[in-house]
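Comments concern the structure below.
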Amino acid sequence: MGYDLKKCDSKSKNVIVVHPGIWPMPEASEILAIPPITRLNILGTRVASVTYGEAVEAVLSRALEHKPGAYVCAANVHCVSMARRNPSYRAVLNGAFLTVPDGMPLVWAHRFLGGRRLLDRVYGPTLMLKLCAAAAQRGIPIYLYGGAPGVPEKLADVLSQGYPNLKIAGVHAPAFGARSDDDLDLKREIDAINSSGARLLFVALGAPKQEYFMARHAAQIVPVQIGVGAAFNFHTGTVSQAPAWMQGAGLEWLFRFCSEPRRLWRRYLFYNPYFVTRLALQRAGLDGIANENDDA
């Protein structure tokens, strides 16, 4: 499905008008060549020790190669903890071009385990905006894939307001539920993505579904895939984000838990203590999975 920005109705009630000045733009220090990327083993997952600027530059450099095989995961406590318990999901995260530290606990884990002293996380929704800003400056087309019906179209309107020079090659809200690799609609969707000219594909299917999707189709999809979770909903105002002070304090999970307790109770009440316990065991050299993957 293609998306023609000329058909956008800027007067539509579904369009959120955003003043360009509030959107994150890359600083000069964020668009320079980056050093080789180092990774830290956190519970068996190889997490890239990168800043926003380094992640943006690495992704755009890879995107310009215009060949399949690359996807980016934004891992938080839930993802890393699930990967510790699930070898197939761990393989997906470790097979990514980049798995960035999406949550502040992973920034703190870097310090706790003797890794690079990062000053901030690389939060998926913010990384998406920074990539869009840089893509707009460099003329790199993007594609929006995921969300409920109507959401990616609405996001295209929002992004075009925030970044007038951004080239949006297409949008699509795929069918919900499991799909086989020989699904004809899925094949048509991948063909549309590849023929659109996009170099970046933002995938918003939710974890762990989006990570499995990206890994499963990495060999067929040409643009670099970036899993951004709830970013489509956040940036269109469909779902509220935690206040900045809660995000900085590592308390976004509490905000989301209070917003959706029935859906998220297990994620946070089980996996948060699990992560802390396993991290302590890893530091003591007593976590078998982490030790096996300690050559990351």
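Going letter by letter, the sequence shown gives residues 2 to 297 in the numbering used here.
Yeah, the Cβ is synthetic: ideal placement off N, Cα and C, and Gly gets one too.
Residue-level contact to chain D via CB, residue 124, 8 angstroms cutoff: This model lacks chain D altogether; it includes just one protein chain.
Same chain, Cβ closer than 6 angstroms to residue 105, five either side skipped, listed in chain order: Position 104 of the sequence shown, counting from 1, holds the residue named residue 105. These residues qualify, in order along the chain: 122, 251.
Residue 49 vs residue 99 beta-carbon contact at 8 angstroms: Against the sequence shown, residue 49 aligns to sequence position 48. Against the sequence shown, residue 99 aligns to sequence position 98. Yes. Within cutoff.
Backbone secondary structure at residue 26 - three-state DSSP: Against the sequence shown, residue 26 aligns to sequence position 25. With a pLDDT of 48 at residue 26, under the threshold of 50, the modelled position of that residue is not reliable, and the figure given next carries that caveat. Correct three-state label for residue 26: coil.
Proximal residues to residue 180 (C-beta, below 6 angstroms), its chain only, five neighbours per side dropped: By 1-based counting over the sequence shown, the position of residue 180 is 179. The residues 187, in chain order, have a CB closer than 6 angstroms to that of residue 180 in the same chain once the five nearest residues on each side in sequence are set aside.
In chain order, each alpha helix (DSSP H) run of at least 4 residues that lies wholly inside the segment 142 to 224: For the segment 142 to 224, whole alpha helix (DSSP H) runs of length 4 or above, ordered along the chain, are 152 to 163, 185 to 196, 210 to 217.
Whether residue 291 touches residue 44 by CB criterion (8 angstroms): For this step, residue 291 is matched to residue 290 along the sequence shown. For this step, residue 44 is matched to residue 43 along the sequence shown. Yes, the Cβ-Cβ distance between residue 291 and residue 44 is below 8 angstroms.
Own chain partners of residue 278 with C-beta closer than 8 angstroms, once the 5 adjacent residues on each side are dropped: Locating residue 278 in the sequence shown gives position 277, counting from the first residue. None.
Check whether residue 360 and residue 75 have beta carbons under 8 angstroms apart: This structure cannot speak to residue 360, because the chain is shown only from 2 to 297.
Pair within 8 angstroms by beta-carbon distance, residue 90 and residue 97: As a first step, residue 90 is located in the sequence shown; it is residue number 89 there, counting from the start. As a first step, residue 97 is located in the sequence shown; it is residue number 96 there, counting from the start. Contact flag unset, no.
Same chain, Cβ closer than 7 angstroms to residue 164, neighbours up to 5 away in sequence not counted: Counted from its first residue, the sequence shown places residue 164 at position 163. 24, 133, 134, 137, listed in sequence order.
Start and end residues, beta strand (DSSP E) containing residue 42: In the sequence shown, counting from the first residue as 1, residue 42 sits at position 41. Run containing residue 42: 40 to 43, per the beta strand (DSSP E) assignment.
Sub-8 angstroms separation of residue 227 and residue 201 beta-carbons: For the purposes of this step, residue 227 is identified with residue 226 of the sequence shown, where counting begins at 1. For the purposes of this step, residue 201 is identified with residue 200 of the sequence shown, where counting begins at 1. In contact: residue 227 and residue 201 (Cβ atoms closer than 8 angstroms).
Buried versus exposed, by CB contacts within 10 Å (16 or more), residue 161: Here the question's residue 161 lines up with position 160 in the sequence shown. Flag for residue 161 reads buried.
Any 3 or more C-beta pairs closer than 8 angstroms across the segment 63 to 81 and the segment 107 to 121: Output reads yes: the segment 107 to 121 touches the segment 63 to 81.
Pick from 293, 71, 197 that is closest to residue 144, judged by C-alpha positions: Position 143 of the sequence shown, counting from 1, holds the residue named residue 144. Of the candidates 293, 71, 197, 197 places its Cα closest to the Cα of residue 144.
Nearest candidate by alpha-carbon position, reference residue 211, set 94, 119, 61, 270: Here residue 211 corresponds to residue number 210 of the sequence shown, with the count starting at 1. Looking only at 94, 119, 61, 270, the smallest Cα-Cα distance to residue 211 is reached by 94.
Pairwise C-alpha distance: residue 72 and residue 215: Mapped onto the sequence shown, residue 215 falls at position 214. Mapped onto the sequence shown, residue 72 falls at position 71. Distance between the alpha carbons of residue 215 and residue 72: 6 angstroms.
Pairwise C-alpha distance: residue 102 and residue 249: Reading the sequence shown from its first residue, position 248 is the one you call residue 249. Reading the sequence shown from its first residue, position 101 is the one you call residue 102. So the alpha carbons of these two residues sit roughly 13 angstroms apart.
Assigned exposure category for residue 246 - 16 Cβ within 10 Å defines buried: What you label residue 246 is simply residue 245 of the sequence shown in a count that begins at 1. Classification of residue 246: exposed, given that the 10 Å Cβ count is below 16.
Enclosing beta strand (DSSP E) for residue 47 [first to last residue]: In the sequence shown, residue 47 corresponds to position 46, counting from 1. That run of the beta strand (DSSP E) goes 46 to 49.
Where the alpha helix (DSSP H) containing residue 239 begins and where it ends: For the purposes of this step, residue 239 is taken as the residue at position 238 of the sequence shown. For residue 239, no alpha helix (DSSP H) encloses it, and the DSSP letter there is neither H nor E.
beta-carbon residue 122 near the ligand NAP non-hydrogen atom, thresh 7 angstroms: This structure lacks the ligand NAP; in fact it carries no ligand of any kind.
Collapsed DSSP secondary structure at residue 31 in the structure displayed: For the purposes of this step, residue 31 is taken as residue 30 along the sequence shown, with counting starting at 1. Because the pLDDT of residue 31 is 44, which lies under 50, any placement of that residue in the model is unreliable, and the number read from its coordinates should be weighed accordingly. Looking at residue 31 - three-state DSSP - the assignment turns out to be helix.
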